[in-house]
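Take a look at the structure set out below.
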């Protein structure tokens, strides 16, 4: 009887481990429904739709929200949930500061093609920055990352010289992020690393991190530890009291600080 119970539990654990390993992309990248290439976007502000061809011949879809005489552009890397049908509208508040916005969909999100490959996703992020440098000098480019997007934003800033790096609710690395929401998850089976902590020390631009104190999705303490890896005196950590993972932008302190950053 005892042997049967042990055998059953062993098989159950093995099945759960296999599910975690083979379906982890579904847990990490919540990309929702795919969009056909001719799907028409409808946003409340003027925009251009862009397709960037990657080094492995995939297409990365992006939306560029336009202004007649901008002072710069925000390169925005969104979170793990949703595509440009959501994010193209959500990021338009940067226009109020006279900054255009360029926001892209990761591989397999929306109209973007390709499989989830960590190295290639970083290359895609760098490709977007290179694209913007054709129209804007680097001192007019602000790199912004929300949640998962923070790892791509940090990589881009580490390998370039943007005006500013802004991170909203970032994580230290993927292993710590998964353990934060699921302490018993078998993180040794993760196919992805997203080691933001390895790249942030290389960033030379000023870094500002916003994080809600009651965020249940990414660790507040992890974000503080992340910024401590870069010793620049220009860096700032802005705690948002009672802020969660998704409502930071509604707080006056966020708006006041963002205004100060973008009006420099």
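Residue numbers (the working numbering): 92 to 355. Ideal Cβ placement from N, Cα and C applies to all residues, glycine included.
If you look at residue 343, you'll find it in the alpha helix (DSSP H) that goes 343-353.
DSSP places residue 170 in no beta strand (DSSP E); its state is neither H nor E. A straight-line Cα-Cα distance of about 5 Å links residue 327 and residue 299. For residue 263, there is no enclosing beta strand (DSSP E), as DSSP gives it neither H nor E.
Looking at the DSSP output, residue 153 sits in a beta bridge with 141 and 195.
Here the C-alpha atom of residue 346 lies approximately 52 Å from the C-alpha atom of residue 101. As summarised for the stretch 205-251, the continuous beta strand (DSSP E) elements at least 3 residues long and confined to that stretch are 232-237, given in chain order. Taking C-beta atoms as the reference points, residue 342 and residue 331 count as a pair closer than 7 Å. Secondary structure at residue 333: coil, using DSSP grouped into helix, strand and coil. Residue state for residue 275 is assigned as coil, using DSSP reduced to three classes. Rounded to the nearest angstrom, the gap between the Cα atoms of residue 287 and residue 106 is 31 Å.
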